[in-house]
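With the working numbering applied, the sequence shown corresponds to residues 1 to 108, in that order. Down below is the structure, laid out as structure tokens.
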Amino acid sequence: MVSPQTEEHSRTFVERKNLDMEVLSDPGNQVAEKYGLAYTFPEDLKTVYLQFNIDLSKYNGDDQWKLPMPARYIVDRDQTIRYAEVSPDYTARPDPSHTIEALKKMTS
1 MVSPQTEEHS RTFVERKNLD MEVLSDPGNQ VAEKYGLAYT FPEDLKTVYL
51 QFNIDLSKYN GDDQWKLPMP ARYIVDRDQT IRYAEVSPDY TARPDPSHTI
101 EALKKMTS
């Protein structure tokens, strides 16, 4: 997983959720920007989040108010994207079996 959160916040999240995966840090959403995944919050949505005590600037360590859209890619050694699933809905995550099936097709 790649996250714009600070390393400290990502580590806390992994521990709290008891996750068994590595979380890579993407400060400033640099990787998300490169892949066209960074979403900048409009002011009205930022206000709503702050009313719920969700302060992205605190979690991400910057004042950009950006989050990446959920995505899963298979990228080859030449940096060509061979498979992509992207959704603006953060609750719609691709099933890992779809990615495994795509990998199997590519290697057969």
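Glycine is no exception: its CB is placed at the ideal position from the N, C-alpha and C atoms.
Inset, instruction - On a CA-only basis, which of 88, 107, 100 and 102 is nearest residue 32? Give me that one, please. - result: Of 88, 107, 100 and 102, the residue nearest in Cα terms is 88.
Legend entry - Identity of the residues DSSP links to residue 83 by a beta bridge: Answer by DSSP bridge pairing, in chain order: 74.
Legend entry - Where residue 107 falls: helix, strand or coil (DSSP): Reduced to three states, the DSSP call for residue 107 is helix.
Inset, instruction - Taking 8 Å as the cut-off, decide whether the C-beta atoms of residue 66 and residue 39 are in contact. - result: By the CB criterion at 8 Å, residue 66 and residue 39 fall inside the cutoff.
Legend entry - Sequence-distant residues of its chain with Cβ nearer than 6 Å to residue 46 (five each side left out): For residue 46, where only same-chain residues beyond five positions count, the Cβ hits under 6 Å are 65.
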